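**Student:** Residue 171, in the UniProt record's numbering, is where the sequence shown stops; the numbers in between run on with no holes. Handing you a structure now.
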Amino acid sequence: MTRQEFIRKLQEALNGKLDAATIQDHLKFYDDYIIEEMRKGKSEQEVLELLGDPWAIAKTIVDASDGTDEEVVYENRSPFNNSYNQTTQAQDSYAGYGQKDEYGTEHSYGSYHEFRLDTWWKKALLILAVVFVVVVVVSVITGIISFLAPVLVPLLIIMIVIRLIGGNRRY
């Protein structure tokens with residue numbers, strides 16, 4: 001398969017499932033990626049094998065556009081890559097890849113991860129994490145108090161008694 005065939009199959013798989021601008025963004029991304037990898041010395045065939053089936057990529061793109069995080073598409077390029085090294089290699093090869101927007105500002109796809117609370121399960125996970133942190137902090141504080149209370153309470157009582165008996169004398 002050639003780069004043009006890959007892009008054409010990807011476009012056919014995406015047509016009707018996403019708006020035209022989004023499809024063009026994805027097509028440009030993959031076309032630019034293939035060209036960039038070929039500049040790095042990989043053959044067109046190697047790059048296309050690394051990417052996998054365009055129909056599977058299209059399914060991943062469509063699934064990711066239903067409100068889940070868009071970065072999933074670019075991290076898990078192909079469901080056929082079973083090897084950790086292959087997936088890592090695909091992710092590492094995107095580091096530093098950038099694209100200019102209409103104002104000439106370069107945006108890099110791989111240099112940061114934006115966590116968005118755009119789905120119910122992300123919101124629930126955040127709430128659960130906050131509750132967990134609060135419970136852990138309260139547990140640690142009560143544990144420290146229960147550990148020190150048998151020593152500190154009698155010590156405080158003794159200090160108060162000495163203070164009351166001794167008056168206001170300073171030593």
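No residue lacks a Cβ here, since even glycine has one placed at the ideal position from N, Cα and C. Predicted model, so just to flag it, every value in this text is computed and none were measured.
Please state the DSSP three-state secondary structure of Leu164.
**Tutor:** Of the three classes helix, strand and coil, the one that applies to Leu164 here is helix, per DSSP.
**Student:** Short of 8 Å in beta carbon distance, which residues of its chain neighbour Gln11, apart from the five on each side in sequence? Order them along the chain.
**Tutor:** Ile23 and Leu27.
**Student:** Between Leu126 and the rest of its own chain, which residues show a CB-CB distance below 7 Å, the 5 nearest in sequence each way excluded?
**Tutor:** The answer, listed in chain order, is Leu117.
**Student:** Checking 8 Å against the spacing of the C-beta atoms, do Arg3 and Asp31 come in under that value?
**Tutor:** Contact: yes.
**Student:** Measuring straight from C-alpha to C-alpha, what distance separates Ala149 and Lys122?
**Tutor:** C-alpha separation (whole angstroms): 40 Å.
**Student:** Use the C-beta contact count for Ile165: other C-beta atoms within 10 angstroms, 16 or more gives buried, fewer gives exposed.
**Tutor:** It is exposed - the Cβ of Ile165 has fewer than 16 other Cβ atoms within 10 Å.
**Student:** Within 10 angstroms of the Cβ of residue 173, are there 16 or more other Cβ atoms? Answer buried if so, exposed if not.
**Tutor:** Residue 173 is absent from the structure shown; the chain starts at 1 and stops at 171.
**Student:** Answer yes or no: do Leu51 and Ile57 have a C-beta to C-beta separation smaller than 8 Å?
**Tutor:** Cβ distance < 8 Å, so Leu51 and Ile57 count as in contact.
**Student:** Please check if any C-beta of chain D sits within less than 8 Å of the C-beta of Ile7.
**Tutor:** Among the chains in the structure shown there is no chain D, since it carries only a single protein chain.
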